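Line by line, the protein sequences give chains F and U. Position in the first sequence (from 1) plus 362 gives the number in the numbering used here. Position in the second sequence (from 1) plus 585 gives the number in the numbering used here. Have a look at the structure below, then the notes.
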Amino acid sequence: AQSVTQPDARVTVSEGASLQLRCKYSSSGTPYLFWYVQYPRQGLQLLLKYYSGDPVVQGVNGFEAEFSKSNSSFHLRKASVHWSDSAVYFCVLSDAPRFGAGTKLSVKP
Amino acid sequence: DPKIIQKPKYLVAVTGSEKILICEQYLGHNAMYWYRQSAKKPLEFMFSYSYQKLMDNQTASSRFQPQSSKKNHLDLQITALKPDDSATYFCASSQERLGNYEQYFGPGTRLTVL
């Protein structure tokens, strides 16, 4: 069955610290994977997407993600977070489509 | 200009009533979707349409009926409303239904059922 798992419901980091949000997927074929962000009281916006090629993909606002077929993962990273990055982040598998449960990121000043 | 319009932004309904949530997209996309988000459940996929045909239906209840009168419209009719239906309903669209096509989301309709 196709599925996406985000094991961390909440993550808190200090401003300026590095960040990794985890995503594990299950897919029978070649997955198309996305990360979306939802700021408070808004709809979702695309951060980045992966479907082939270089396993490290760059997104907006300094975010990047690394695809690993061997680990069935698509983790999101940022070298230095800002308070404005506080939001809910969703990992998405294109089939159906399938959304992860989301990770709520809180950035402490 | 907003590319995906959802109307109304806020909606209050009484238990047992019927409401229609409106969604229009002006991106020229062929696929449209409905999602639900509540405090109890994270973002929940409900339906996908491609070329005005239902492709996926993850909603168990027949009280939720999508309606596509035009290519760029996908309304959501909800009958016999219950308090548990209280949630924010998001409409989205993409160029095609599957693959590497980005979904664009509307601002949502926040439904409260009393």
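Built from N, CA and C at the ideal position, the CB exists for glycine as well. Note that the structure is predicted; figures quoted are calculated from it, not measured.
Check, Outcome
"Whose C-beta lies closer than 7 Å to the C-beta of Asp637 (chain U) among residues of the same chain, with five residues either side of it excluded?", "Reading off the sequence shown, one finds Gln at residue 637 (chain U), where the question assumed Asp. Hits under 7 Å: Ser653, Lys656."
"I want to know whether the region 387 to 404 of chain F touches the region 424 to 440 of chain F - three or more CB-CB distances under 8 Å.", "yes"
"Name the chain U residues that come within less than 7 Å of Ala427 (chain F), Cβ to Cβ?", "Going along chain U, no residue has its Cβ under 7 Å from Ala427 (chain F), so there is no contact; the nearest lies around 14 Å."
"Taking Gly405 (chain F) and Pro692 (chain U) to be in contact with their CB atoms under 8 Å, please state how far apart those CB atoms are, rounded to whole angstroms.", "5 Å"
"Please check if any C-beta of chain F sits within less than 8 Å of the C-beta of Gly684 (chain U).", "yes"
"May I have the straight-line CA-CA distance separating Asp447 (chain F) from Thr673 (chain U), to the nearest angstrom?", "22 Å"
"Does any C-beta atom of chain F lie closer than 8 Å to the C-beta of Gly613 (chain U)?", "no"
"Phe630 (chain U) touches chain F at which residues, Cβ-Cβ below 9 Å?", "Ala458, Pro459, Arg460, Phe461"
"Given Phe414 (chain F), which residues of its chain have a CB within under 8 Å of its CB, disregarding the five upstream and five downstream residues?", "Looking at the sequence provided, one finds Ser at residue 414 (chain F) rather than Phe. For Ser414 (chain F), where only same-chain residues beyond five positions count, the Cβ hits under 8 Å are Thr392."
"Using a threshold of 8 Å, state whether the C-beta atoms of Ile607 (chain U) and Gln662 (chain U) are closer than that.", "no"
"Which residues bound the beta strand (DSSP E) around His437 (chain F)?", "435 to 440"
"For the structure I just gave you, are there three or more beta carbon pairs, one from the region 396 to 410 of chain F and one from the region 439 to 459 of chain F, closer than 8 Å?", "yes"
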